[in-house]
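For what it's worth, the numbering used here labels the leading residue of the sequence shown as 29, then goes sequentially.
Ideal Cβ placement from N, Cα and C applies to all residues, glycine included.
Some notes on the structure that comes next.
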Amino acid sequence: MTESKEPRIDAEQPIARERGRTVHGEPANAGHRVLAPDDAEVEAYLEQALHAPPPLRVETEAAEQPDTVAVLDFGSQFAQLIARRVRELNVYSELLPHDTPMAELERRGVKAVILSGGPSSVYDADAPRADPALWSGRIPVLGICYGLQLMAHELGGEVVPSAKREYGPATVSVTQSEGLFEGIDREQPVWMSHGDSILRPPEGFASTAQTDSTPYAGLADAGRHLYGIQFHPEVVHTPIGREVLRNFVVGIAGVRDNWTAANLVETTVAEVRDRVGEGHVICALSGGVDSAVAATLVHRAIGDQLTCIYVDHGLMRKRESELLRVTFERDLGMNLVMVDARERFLARLAGVEDPEEKRRIIGDEFIRVFEEEAAKLGQIDFLVQGTLYPDVIESKTSETKTAQKIKTHHNVGGLPSDLRFTLIEPLRYLFKDEVRKVGLELGLPDAMVQRQPFPGPGLAIRIIGEVNAERLDTLREADWIVIDEIKGAGLYRSLWQSFAILTPVRSVGVMGDGRTYANVVAIRAVTSDDGMTADWARLPYEVLAKISSRIVNEVPGVNRVVYDISSKPPATIEWE
Numbered sequence: 029m030t031e032s033k034e035p036r037i038d039a040e041q042p043i044a045r046e047r048g049r050t051v052h053g054e055p056a057n058a059g060h061r062v063l064a065p066d067d068a069e070v071e072a073y074l075e076q077a078l079h080a081p082p083p084l085r086v087e088t089e090a091a092e093q094p095d096t097v098a099v100l101d102f103g104s105q106f107a108q109l110i111a112r113r114v115r116e117l118n119v120y121s122e123l124l125p126h127d128t129p130m131a132e133l134e135r136r137g138v139k140a141v142i143l144s145g146g147p148s149s150v151y152d153a154d155a156p157r158a159d160p161a162l163w164s165g166r167i168p169v170l171g172i173c174y175g176l177q178l179m180a181h182e183l184g185g186e187v188v189p190s191a192k193r194e195y196g197p198a199t200v201s202v203t204q205s206e207g208l209f210e211g212i213d214r215e216q217p218v219w220m221s222h223g224d225s226i227l228r229p230p231e232g233f234a235s236t237a238q239t240d241s242t243p244y245a246g247l248a249d250a251g252r253h254l255y256g257i258q259f260h261p262e263v264v265h266t267p268i269g270r271e272v273l274r275n276f277v278v279g280i281a282g283v284r285d286n287w288t289a290a291n292l293v294e295t296t297v298a299e300v301r302d303r304v305g306e307g308h309v310i311c312a313l314s315g316g317v318d319s320a321v322a323a324t325l326v327h328r329a330i331g332d333q334l335t336c337i338y339v340d341h342g343l344m345r346k347r348e349s350e351l352l353r354v355t356f357e358r359d360l361g362m363n364l365v366m367v368d369a370r371e372r373f374l375a376r377l378a379g380v381e382d383p384e385e386k387r388r389i390i391g392d393e394f395i396r397v398f399e400e401e402a403a404k405l406g407q408i409d410f411l412v413q414g415t416l417y418p419d420v421i422e423s424k425t426s427e428t429k430t431a432q433k434i435k436t437h438h439n440v441g442g443l444p445s446d447l448r449f450t451l452i453e454p455l456r457y458l459f460k461d462e463v464r465k466v467g468l469e470l471g472l473p474d475a476m477v478q479r480q481p482f483p484g485p486g487l488a489i490r491i492i493g494e495v496n497a498e499r500l501d502t503l504r505e506a507d508w509i510v511i512d513e514i515k516g517a518g519l520y521r522s523l524w525q526s527f528a529i530l531t532p533v534r535s536v537g538v539m540g541d542g543r544t545y546a547n548v549v550a551i552r553a554v555t556s557d558d559g560m561t562a563d564w565a566r567l568p569y570e571v572l573a574k575i576s577s578r579i580v581n582e583v584p585g586v587n588r589v590v591y592d593i594s595s596k597p598p599a600t601i602e603w604e
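This is the structure:
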């Protein structure tokens, strides 16, 4: 295949010489934004952490534990977002089941509680309830939407179906400027989503905000530290949402806003060091953000007691294996075992076209290779996993009882029954943006920390149909050009993902004076806030034109390029 003019080690940065870059080939504006659960990495095939208990939090003199805000989940589609918004205030938050006992909240050291919205009506017999001790005033409580209505209902107020339902934008009028609405102007646009309303508030509560359809868009009983709002402060459609949450968390509850990437690294390193002791640890590296940050955190804690294993299945993007070796072995000084298993994977994938079968084969073979390499290392006590908080939430563990199960996250093969390690999950309570901040704090190269999501099965599911060495080479070169031009145009940060797909379609073309019958490559670029929904990116025509021209001229066997303008839903981000 045609190589780029300048050899590089950076698999994410295929940039031509004339655009001056750093040692990793990275332009000044390269990088990326927050990611989420779609960052499926190869190491996640080992993921059994979804059924493991939360990691033990160890009190140490070196690391001060942060204050905690608990978000109780009543089934809202926005529950995870509430927890993220609180963390954006530099305050640690956890998403817990709606019926978490007060005693458990106090055991966890929770300083404030937020009740999420939910699809139920509080007057239904099977409506989810909270521990009645929440209303005692021992911990400040903020109810949002259903959470407000539950508070009112449980304390003797009356909640009824609304004569005028509110779904979407509304204007709220602040009637009490202190407390939740401290420093906020009287008239504010907000986002509503409710079919029930409070007809009569409980004794002791005063209205703090109203709309045209309800006089109780906000309630407060300051004496018992109980507050509620009918609108959703966690969504971007409520501009004052961040300030309302800050007023409650920091102003009313007095929670310290000192949870940062720096003290998170310090705390986690102390916890891992205490837990591992003199034990030996392995970590499956994929080159993805999660496993990279997890491995680096653990390495900082225990040094050479950690061995990282990288299984090169031959399905990675161009030059990614070289970048991983340079970063972890040379720059960070880790014990790294590089396993060349490319022929094994391709042999098992030969003739396979079904995407689910491809995923199953890749997951199974990965487990086999990893098990073989781990056995060569002797006694191993712990396995590092890059599990993130969205993985836990999506998989409906005991920590998120009311969340709808979206998928069993990445659990394609599962660990063999005789491969027994104690799991270490240093990122289990972090969202993707927080993982990136920790990675930068640890000194990982920006090109690795800010990379776009890449699926666990690699390029195998970006090749529609059979996977072989020739088709992999074709796709690698096309994908290299896509990333090159996206970054050259300064668009990488604004995109959730951008990549090429090798379709099973061939088309007639004319190149020079001759007829061609060659491959069709599709380009996919999407924008998203969380990976759960996505819209196709409106790339400038000149960028699309350059991508198309370069692919057709530089990648043998391709004579046509098309652009995917499908959103998620109904389409998915990946084609397979």
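Selection R301, E348, S148 evaluated against F410 yields R301 as nearest (Cα-Cα). In the three-state DSSP reduction, L170 falls in the strand class (E or B). Collapsing the DSSP output to three states places Q216 in a strand. For S556, there is no enclosing beta strand (DSSP E), as DSSP marks it with neither H nor E.
Distance from A369 to I337 at the Cβ level is roughly 11 Å; contact not present, criterion being Cβ atoms closer than 8 Å. In the assembly as shown, R543 is an exposed residue. Its beta-carbon has fewer than 16 other beta-carbons within 10 Å. Rounded to whole angstroms, the gap between the alpha carbons of D359 and L472 is 9 Å.
Taken in chain order, the complete alpha helix (DSSP H) segments of 4 residues or longer contained in the region 294-367 are 317-330, 348-353.
Per DSSP, reduced to three states, the secondary structure at Y569 is helical. V536 and P481 have their alpha carbons spaced roughly 33 Å apart.
The region 279-296 makes no contact with the region 224-235: fewer than 3 CB pairs, one atom from each, lie closer than 8 Å. R499 is classed as buried because its beta carbon has at least 16 other beta carbons within 10 Å across all chains shown.
For the 8 Å CB-CB criterion, L227 and E182 do not form a contact. Residues L208, E210 of the same chain have their beta carbon placed closer than 6 Å to that of N275, with the five preceding and five following residues left out of the count. It is roughly 16 Å from the alpha-carbon of V580 to the alpha-carbon of P532.
With 16 or more other Cβ atoms from the protein chains shown falling within 10 Å of its own Cβ, T128 counts as buried. Counting only the Cα atoms, D249 lies some 16 Å from V277.
Scanning the region 488-519 for uninterrupted alpha helix (DSSP H) segments of 4 residues or longer gives 497-516, listed from N- to C-terminal end.
Each of H265, G251, E262, A198 was checked against the Cα of A237, and the nearest Cα belongs to A198.
Its Cα nearest to that of I257, the residue P229 stands out among G251, P418, R284, P229. Considered as a whole, the region 256-285 harbours 269-274 as its complete alpha helix (DSSP H) runs of no fewer than 4 residues, in chain order. Setting aside the 5 residues that flank it on each side, E381 is surrounded in the same chain by G493, E494, each with a C-beta closer than 8 Å to its C-beta; the list follows chain order.
Distances from the CA of Q413 to each of D213, T450, Q407 were compared; the closest alpha carbon is that of T450.
Within the same chain, Cβ atoms closer than 7 Å to the Cβ of T288 are found at N118, the five residues on either side in sequence being excluded.
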